[in-house]
Structure formats: C-alpha cells, structure tokens
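In this note's numbering, the protein residues as written are -8 to 124.
We put the CB at the ideal spot given by N, CA and C, even for glycine.
Owing to the predicted nature of the structure, the values given are computational and were not obtained by experimental measurement.
The structure appears below as structure tokens.
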C-alpha cells in the first residue's frame, strides 16, 4: 500500500484526514505534519524523513501539500524521488479521498495523477456552474 503524508500550514492536514475518516472509516498508513511559524526547518526535514520511512512499505509515499511555493511544499520537494516519493500540491478533500481509495491497486505516479485529477475536478465556481444550466 502506498503511504500518504499530508504536510500543511497549521492543522489543515490533520483536519483533512479527520474528514476523510468520517467519510471512509478507518485509514491506514496515513500521517500528517503541521507547520507553524515556530517550527524550525531542520526539525521539519527530520520529521518528514522519519514519517516517509515509517509510511513506505515498499510502494512509495504520496506527499500532499497545501500550496505550491509554501514552506510545506518547499521542504517536501527535497524528498522527491522517482517511484519512491511523489509530491502533489494544492491538497483538498476530494484529492485525499481519491488517494486513499486507490492506494493498493495503483503505482505511485498513477495515484498522484488520479488524486490531481480528483482535486481539479472538484473545484467549481457554483454561480457560474448553475448559470450554465
């Protein structure tokens, strides 16, 4: 099973996992890391490394971060490794649910692409969407 690690500002990752658990039930091989203003970069890099090692059962780890260019994303990119660690930015709940659903049957790159598609597909400006009907 591919491990899933959410790295975000404050407790966003924790709450996304709580919401996913509410929808899907018990989740295995998932972790989160919360980054705050008081968190040292060296401490975060160590924590990310430890969580990736813990989550990787041989099929890799998908790291979801909240915003490209932000600290969670920037720190995560140093762990990017083909077929071992993939980083996907812009995490939202549909992305998390999609990633959790298919971790046992897809390869790491495929899972990243599926989660990315689910995240994009779920974004809608309701007024414009309803206007076109």
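The residue among 99, 25, 115 and 19 with its C-alpha nearest the C-alpha of residue 57 is 25.
DSSP places residue 62 within a helical segment (H, G or I) once states are collapsed to three. A straight line joining the alpha-carbon of residue 77 with that of residue 105 spans about 13 Å.
Apart from sequence neighbours up to five positions away, the residues of its chain that approach residue 80 with a beta-carbon distance below 7 Å are 56, 58, 59 and 64, ordered along the chain.
For residue 36, the CB contacts under 8 Å within the same chain, skipping 5 residues up- and downstream, are 66 and 69 in chain order. The count of Cβ pairs closer than 8 Å, one atom from the region 85 to 104 and one from the region -8 to 6, reaches three, so the stretches are in contact.
About 6 Å separates the Cβ atoms of residue 82 and residue 7, confirming a contact at the 8 Å cut-off. DSSP places residue 21 within a strand segment (E or B) once states are collapsed to three. Across the set 20, 34 and 61, the C-alpha of 20 shows the shortest separation from the C-alpha of residue 44. Per the coordinates, the alpha-carbon of residue 31 lies some 42 Å from the alpha-carbon of residue 119. Check the Cα spacing between residue 74 and each of -1, 49 and 87: the tightest is with 49. With a cutoff of 7 Å on beta-carbon distance, residue 18 and residue 12 are scored as near each other.
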